[in-house]
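Notes follow the structure.
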């Protein structure tokens, strides 16, 4: 099987798993080859030129080019893979960047085509982001219509669509996608990088990890916890988008904004927390939740984060509605006032994430999904041939 992805995301982990199982042909990426670790160089085919241009534009603040560069990266990457695709029985590609290659894989090699969508259905995603920007009086630039059209065509043409959570699954059903085409397979967590670190003080501390953007809903968390500042601390770990900076005025001296932290050091930051809060409006399956759980923290997350596929409400943490500062405040206060509950939930979170397993469990599950889909297709083809 071959894997295609213009970005890193979880697809590098997928390729590593397929290599572990002896099933990987090639990994096609828009990243430079040296950034794809733990894979033999001969299994990696790289087309990094447009991705490098996109990264440079972002680094130097040339935001006006981002939309154009994103489209050029997606379209050029797909054309490049299409031209050089090696034989395979499965072509698994991140959504938006595989339309042409899926067609070639199916026509030339009879391959099973897999569209991998890590977030909610793209139309649902665009709508909820528009609503959220309007709530805060911010201008919204819709997802590129060409990308939306391309993704929906992939949804229609591919044999199966893999999604990481029940939330994403439901978003596809709500947009009219048949359940027969969907496969829900949750991601793994790297338990070698995340474990409970010793807390160095007795301060009750709320931890948030992720980009600080409208999509992440951080303003609801800050509104919820503002009355408690002075009694508790809030650490926000991640880069702040330009549009969010004016909305955060007044919090800079009362909330600790660390900026991005290397992944290898994150466990130390989780370890100084008392609870992890993720107030996002829309996520596929936010792995920061599993990271926090692996570090022994209870989690408070919204329904739109994939939380219900990681933990049980009231056992390892709490699942709250989106856009509900009241619900966040009530759950944080419950943990703040009850250290026994907090410690019990943290211990339960650690046990739960250890039972879910790491990326090997994901690899085994998705390999079985391919095998089942190929067997079903062969049965259908045999039945049709018998009746022709």
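Numbering (my numbering), first residue to last: 34 to 421. Note that the Cβ used here is the ideal one computed from N, Cα and C, for glycine as well. For clarity, every value in this text was computed on a predicted model and none was experimentally measured.
Find out if the Cβ-Cβ distance for the pair residue i, residue j is shorter than 8 Å.
i, j, result
"residue 187", "residue 131", "yes"
"residue 337", "residue 359", "no"
"residue 78", "residue 59", "yes"
"residue 114", "residue 34", "no"
"residue 305", "residue 232", "yes"
"residue 181", "residue 156", "yes"
"residue 36", "residue 125", "yes"
"residue 318", "residue 339", "yes"
"residue 204", "residue 154", "yes"
"residue 357", "residue 253", "yes"
"residue 310", "residue 239", "yes"
"residue 190", "residue 129", "no"
"residue 347", "residue 332", "no"
"residue 314", "residue 288", "no"
"residue 50", "residue 392", "yes"
"residue 63", "residue 106", "yes"
Assign residue i to buried or exposed, taking buried as 16 or more other Cβ atoms, counted over all protein chains shown, within 10 Å of its Cβ.
i, result
"residue 354", "exposed"
"residue 312", "buried"
"residue 103", "buried"
"residue 282", "exposed"
"residue 147", "buried"
"residue 84", "buried"
"residue 275", "exposed"
"residue 75", "exposed"
"residue 286", "exposed"
"residue 211", "exposed"
"residue 32", "The shown model of the chain, from 34 to 421, leaves out residue 32, and the question about it has no answer."
"residue 226", "exposed"
"residue 307", "buried"
"residue 68", "exposed"
"residue 262", "exposed"
"residue 257", "buried"
"residue 236", "exposed"
"residue 70", "exposed"
"residue 234", "exposed"
"residue 427", "No statement about residue 427 is possible, as the shown extent of the chain runs from 34 to 421 and does not include it."
"residue 414", "exposed"
"residue 198", "buried"
"residue 361", "buried"
In whole angstroms, what separates the C-alpha of residue i from that of residue j?
i, j, result
"residue 144", "residue 412", "15 Å"
"residue 220", "residue 152", "12 Å"
"residue 404", "residue 43", "20 Å"
"residue 121", "residue 301", "42 Å"
"residue 133", "residue 99", "23 Å"
"residue 249", "residue 142", "41 Å"
"residue 230", "residue 298", "11 Å"
"residue 160", "residue 247", "13 Å"
"residue 39", "residue 61", "8 Å"
"residue 48", "residue 149", "13 Å"
"residue 334", "residue 117", "43 Å"
"residue 172", "residue 278", "14 Å"
"residue 264", "residue 101", "47 Å"
"residue 65", "residue 80", "7 Å"
"residue 388", "residue 394", "10 Å"
"residue 294", "residue 409", "45 Å"
"residue 390", "residue 266", "31 Å"
"residue 169", "residue 163", "10 Å"
"residue 45", "residue 296", "16 Å"
"residue 284", "residue 291", "13 Å"
"residue 32", "residue 420", "Outside the shown range of the chain, which is 34 to 421, sits residue 32, and nothing can be said about it."
"residue 56", "residue 195", "18 Å"
"residue 372", "residue 364", "13 Å"
"residue 407", "residue 259", "53 Å"
"residue 209", "residue 303", "39 Å"
"residue 127", "residue 206", "19 Å"
"residue 366", "residue 88", "41 Å"
Does the beta carbon of residue i come closer than 8 Å to any beta carbon on chain C?
i, result
"residue 101", "This model lacks chain C altogether, as it is built from one protein chain only."
Ranges of the alpha helix (DSSP H) found wholly within the stretch 307–366, counting only runs of at least 4: 320–327
The stretch 310–323 in contact with the stretch 342–355 per 3-pair CB rule at 8 Å: yes
The stretch 371–387 / the stretch 324–339 touching (three or more Cβ pairs under 8 Å): yes
The stretch 359–376 touching the stretch 267–276, judged by at least three CB pairs closer than 8 Å: no
Within the stretch 67–155, ranges of the alpha helix (DSSP H) (whole runs, at least 4 residues): 82–92, 99–117 and 132–142
Completely contained alpha helix (DSSP H) runs for the stretch 237–271, where each covers 4 or more residues: 251–258
The stretch 203–218 / the stretch 392–411 touching (three or more Cβ pairs under 8 Å): yes
Touch test, the stretch 203–215 against the stretch 236–244, Cβ-Cβ under 8 Å, three pairs minimum: no
Complete runs of the beta strand (DSSP E) confined to the stretch 179–234 [at least 3 residues]: 193–196 and 215–217
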